[in-house]
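Data first, discussion second: the structure below is written as structure tokens.
2 protein chains.
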Amino acid sequence: MAKQKKQPRPKAETPKGFRDYFGAEVTERQEMLRQIAEVYDRYGFDPLETSAVETVEALGKFLPDVDRPNAGVFAFEDDGTWMALRYDMTAPLARVAAQFRNELPSPYRRYTMGPVWRNEKPGPGRFRQFYQCDADTVGAPSVAADAEICAMLADTLEAVGIPRGDYIVRVNNRKVLNGVLEIIGDLEQPSFADGATWAEIHDRDVEDAVLRTADKFDKVGVEGVRQLLGEGRRDASGAFIEGVGLAPYQIDAVVSFLTARDSTNERTIANLNEVVSGSSEVGMEGVRELEQIANLLAAQGYGPDRIVIDPSVVRGLGYYTGPVYEAELTFEITDEKGRPRQFGSVAGGGRYDDLVKRFTGQEVPATGVSIGVDRLLAALRAKGRIHGTRQGPVIVTVMDRDRMADYQAMASDLRAAGIRAEVYLGNPKNFGNQLKYADKRESPVAVIQGSDEAARGVVQLKDLILGAKLAQDATLEEWKSQPAQTEVSRADLVQHVRAMMERHQ
Amino acid sequence: MAKQKKQPRPKAETPKGFRDYFGAEVTERQEMLRQIAEVYDRYGFDPLETSAVETVEALGKFLPDVDRPNAGVFAFEDDGTWMALRYDMTAPLARVAAQFRNELPSPYRRYTMGPVWRNEKPGPGRFRQFYQCDADTVGAPSVAADAEICAMLADTLEAVGIPRGDYIVRVNNRKVLNGVLEIIGDLEQPSFADGATWAEIHDRDVEDAVLRTADKFDKVGVEGVRQLLGEGRRDASGAFIEGVGLAPYQIDAVVSFLTARDSTNERTIANLNEVVSGSSEVGMEGVRELEQIANLLAAQGYGPDRIVIDPSVVRGLGYYTGPVYEAELTFEITDEKGRPRQFGSVAGGGRYDDLVKRFTGQEVPATGVSIGVDRLLAALRAKGRIHGTRQGPVIVTVMDRDRMADYQAMASDLRAAGIRAEVYLGNPKNFGNQLKYADKRESPVAVIQGSDEAARGVVQLKDLILGAKLAQDATLEEWKSQPAQTEVSRADLVQHVRAMMERHQ
Chain A
264 MAKQKKQPRP KAETPKGFRD YFGAEVTERQ EMLRQIAEVY DRYGFDPLET SAVETVEALG
324 KFLPDVDRPN AGVFAFEDDG TWMALRYDMT APLARVAAQF RNELPSPYRR YTMGPVWRNE
384 KPGPGRFRQF YQCDADTVGA PSVAADAEIC AMLADTLEAV GIPRGDYIVR VNNRKVLNGV
444 LEIIGDLEQP SFADGATWAE IHDRDVEDAV LRTADKFDKV GVEGVRQLLG EGRRDASGAF
504 IEGVGLAPYQ IDAVVSFLTA RDSTNERTIA NLNEVVSGSS EVGMEGVREL EQIANLLAAQ
564 GYGPDRIVID PSVVRGLGYY TGPVYEAELT FEITDEKGRP RQFGSVAGGG RYDDLVKRFT
624 GQEVPATGVS IGVDRLLAAL RAKGRIHGTR QGPVIVTVMD RDRMADYQAM ASDLRAAGIR
684 AEVYLGNPKN FGNQLKYADK RESPVAVIQG SDEAARGVVQ LKDLILGAKL AQDATLEEWK
744 SQPAQTEVSR ADLVQHVRAM MERHQ
Chain B
264 MAKQKKQPRP KAETPKGFRD YFGAEVTERQ EMLRQIAEVY DRYGFDPLET SAVETVEALG
324 KFLPDVDRPN AGVFAFEDDG TWMALRYDMT APLARVAAQF RNELPSPYRR YTMGPVWRNE
384 KPGPGRFRQF YQCDADTVGA PSVAADAEIC AMLADTLEAV GIPRGDYIVR VNNRKVLNGV
444 LEIIGDLEQP SFADGATWAE IHDRDVEDAV LRTADKFDKV GVEGVRQLLG EGRRDASGAF
504 IEGVGLAPYQ IDAVVSFLTA RDSTNERTIA NLNEVVSGSS EVGMEGVREL EQIANLLAAQ
564 GYGPDRIVID PSVVRGLGYY TGPVYEAELT FEITDEKGRP RQFGSVAGGG RYDDLVKRFT
624 GQEVPATGVS IGVDRLLAAL RAKGRIHGTR QGPVIVTVMD RDRMADYQAM ASDLRAAGIR
684 AEVYLGNPKN FGNQLKYADK RESPVAVIQG SDEAARGVVQ LKDLILGAKL AQDATLEEWK
744 SQPAQTEVSR ADLVQHVRAM MERHQ
């Protein structure tokens, strides 16, 4: 037989921009998602799991008219059909809501948890596969559906371990901003730096410019926003940023909206009323909706310590059509540079109306929230609620290769009592390697039985946690008074191991 | 502005060969996987979750030298690198074991659960995305690792709800078959129908032919196998299938191997010893390994009622290099044609040695099992352990649109008591629609409060399960004596709803 040319060895590498999750990284996420699912379930939401793959046609946005249409998605052709990995959970929901509209209950409350894929340049902390956890209500036009999701979001944060006071759900409404935009549009036409009047510029552009500027409110403050909405602003570096060119009273309207948040929801709503009242129908409708949301939540005991009307929430205002909401963690963490800063947003959502329309032509109202799974996990880690480690197994060491059955029986007894346990299955010749292995596994206890112990019906138990502690900082007296190794009867193995483990809890 | 040409609406369709999972389909799988993970964890296995994507280079088998190299996988090019969705869990484990060989403990016990993707023609019951649930031990050469996985497999089946007696883990060893092949090779050269002698045919071909034939043992029985290993066989349709052309004593050796299973593991092992003893070193080693496995398991209480040495297990013998094991469910189900048949295999695995070698050149022993998640779920359904339904939420109906806050507060109270509950969020005008919705949600109880009830501080509770039952088969007396609707104080809402739900458990 002709010898084949030797192939070079493949590289063992995680693909660029992807991650591998080990041990606690998997179980802690699973446990958090399980807690979230429990809350969602209690609110009547039903799970949905679509496949990772959708047709590019159903995903929308991406046209299969080029060889590789994966602008933002991972796409491939199959039998003449372009398919792609889902880039979010909303597009598959839209497809399902249209496809199964006759079978699904209406309203349809669904939650879903799983990975999504983005074909973006990988960067530090930016991955091309990550988890999303969404809950949406499809087919409920009333703001009671939005209020419900806000309450559920608050419950969810507490359920996973963010205590009350460490988070706030902030609620705004796109319709109020629409009212503000209507009001400024109805007022005198401003003229722009290049001499063009507003009328000459598409409404949408001004809208976008106002939204973009509002989005900088957190960063540049009231004065900065005023400048950016007006003539422009010179930033810290000395660079000049062109302004939107609004007139002062137009700027006032936008700023009154952004700064309407007051000490109580009632006062905030009164402030908003002042901005739009009598001037914009849609704006007043938006304020009424916020008032309803606040009342519905108050009736269920969700006061402004948990959910607050806050018109400075502008993230997503460009995308959503009605109420928007955002969950923010308010405790401080230390950033990479050692400076304290607020943890910030971990979830956001709002109302959108064109969910199913692309498929059926019918408008179906929908509202929903997406939790940033990795950010929320990072928050729990920052709060010390999860630790990135799990209980290692008890290691039954192997002193005598021929007595493997005895060692397996010990591990089996421990497991039957619910204790995580395993027999060392590497080469047992070097006992030091067995203890090194136990160390790497973060094992709490090592079980040792040589032929002498076997003959006497006993085992040695080595308390590895105490051992590590003593090795670190014990005095000679402590070493003597707290023996990290004890001999117990084989018959009492389970009971003694359990006691040893409980000592460290 | 020029009006854009109207795009045709996209089709709302699950991509061909993929599935959407709703409600209980999601939660029942999750719950089963959670139970499995608990057992795996107790055995010291650690979770691993790799990304869905691997480089085609790391996956192996698939060469990126054509435009679309996805023979069997879904592949796409990214920045000059071909990547693909994983088609199983073993290839990613191989990559991880090589990449992190210095960080991971050795032996490394890992489990993993998640979807895999196969680019195959979709067919009935054959999907292009499905779940796998694997556990493997990497770097443990001893058969104690194989025995451990067999015990874990038995524990797992019981943990998810397959009672002892309804399953059997069957164990075989490739090495014994190798011994048999060695023996027949050492004997006289048979001549084939076309006049060629065995020596003229590559060994591998005979090996494959014997494996393929052995694989038909379940179907054609001893006599059928004898014919197929010899001259050939005429099947039920009258068609003649060419035989392998072995001589009678060679056939005897293979058949003695396949039929070696006896009333006890000891006798089975004695039978196997007779087949290979003194004639094949590797065959004897294989028998010794089976004996060790049986002894290790017996010492932990896993007798032949749970795990049995059975040389008729041939599935996978072509792939694995040492022990192979298979979990079979032994209870009967009714197939599509109404005939009773055994449920069959739900998990399989074995020992393989070339896991990491592709990457590092070093041989690393590994053994592992893969559970067919969908088949095991189907088995639990067949056994009535899961039902494909979940508890629907209590529905708080809306009689008075302005009192939404009161209704939300009721749902909130119920949830706080751990009861799944929701307010009807569709258009409340038609009360019949609300009850139809409750029906679709399989709601146990509807809560009703009109303005009259509100004034009196009471609510009506409608027992929907009892109502459905009465509607089906109640007499007039029963209708009267078991009122499906009762009035209770608003203050006692939770307590009465709970009692109503408990009545049906």
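Going down the list, the protein sequences come from chains A and B. Counting with this note's numbering, you get residues 264 to 768 for the letters of the first sequence. Counting with this note's numbering, you get residues 264 to 768 for the letters of the second sequence. Where is the CB? At the ideal position from N, CA and C, for every residue including glycine.
For residue j and residue i, the rounded distance between their alpha carbons
i, j, result
"proline 574(A)", "glycine 388(A)", "30 Å"
"methionine 352(A)", "alanine 679(B)", "28 Å"
"leucine 724(A)", "lysine 692(A)", "20 Å"
"glutamate 626(A)", "threonine 630(B)", "55 Å"
"aspartate 478(A)", "glycine 484(A)", "10 Å"
"glutamate 765(A)", "valine 757(A)", "12 Å"
"arginine 602(B)", "glycine 647(B)", "19 Å"
"isoleucine 634(A)", "leucine 416(A)", "9 Å"
"glutamine 293(B)", "isoleucine 299(B)", "10 Å"
Coil, strand or helix - residue i by DSSP
i, result
"tyrosine 565(A)", "coil"
"threonine 660(B)", "coil"
"arginine 389(A)", "strand"
"phenylalanine 503(B)", "strand"
"lysine 479(A)", "coil"
"tyrosine 430(A)", "strand"
"valine 577(A)", "coil"
"serine 700(B)", "The sequence shown places tyrosine at residue 700(B), rather than the serine named in the question. Reduced to three states, the DSSP call for tyrosine 700(B) is helix."
"leucine 677(A)", "helix"
"asparagine 441(B)", "helix"
"valine 751(B)", "strand"
"threonine 531(A)", "helix"
"aspartate 726(A)", "strand"
"glutamine 395(B)", "strand"
Residue-level contact to chain B via CB, residue i, 7 Å cutoff
i, result
"glutamine 230(A)", "Lying before the first or after the last residue shown, residue 230(A) is absent from chain A, which here runs from 264 to 768."
"leucine 698(A)", "no"
"valine 316(A)", "yes"
"proline 278(A)", "yes"
"methionine 415(A)", "no"
"asparagine 558(A)", "yes"
"proline 426(A)", "no"
"arginine 389(A)", "no"
Cutoff 7 Å; reference residue i; Cβ partners in own chain excluding five residues on either side
i, result
"valine 657(A)", "Leu677, Ile682, Arg683, Ala684, Ser706, Pro707, Val708, Val710 and Val760"
"arginine 644(B)", "Gly651"
"valine 379(A)", "Arg349, Tyr350, Asp351, Met352, Phe393 and Gln395"
"threonine 344(A)", "Thr318"
Supposed contact pair residue j and residue i - C-beta distance, whole angstroms, cut 8 Å
i, j, result
"valine 632(B)", "alanine 610(B)", "6 Å"
"leucine 440(B)", "leucine 580(B)", "6 Å"
"alanine 403(B)", "leucine 688(A)", "4 Å"
"arginine 391(B)", "arginine 381(B)", "6 Å"
Test: residue i CB closer than 7 Å to a CB of chain A
i, result
"aspartate 309(B)", "yes"
"aspartate 283(B)", "yes"
"lysine 703(B)", "yes"
"arginine 358(B)", "yes"
"glutamine 298(B)", "no"
"glutamine 712(B)", "no"
"alanine 709(B)", "no"
"alanine 641(B)", "no"
"glycine 647(B)", "no"
"glutamate 312(B)", "yes"
"proline 271(B)", "no"
"glutamate 716(B)", "no"
"alanine 672(B)", "yes"
Neighbourhood of residue i by C-beta distance below 8 Å, restricted to the same chain and skipping five residues each side
i, result
"alanine 287(B)", "Ile649, His650, Gly651, Thr652 and Arg653"
"isoleucine 556(A)", "Val406, Asp409, Ala410, Cys413, Val434, Ile572 and Pro586"
Neighbourhood of residue i by C-beta, 6 Å cutoff - its chain only, sequence neighbours within 5 removed
i, result
"histidine 767(B)", "Ile728"
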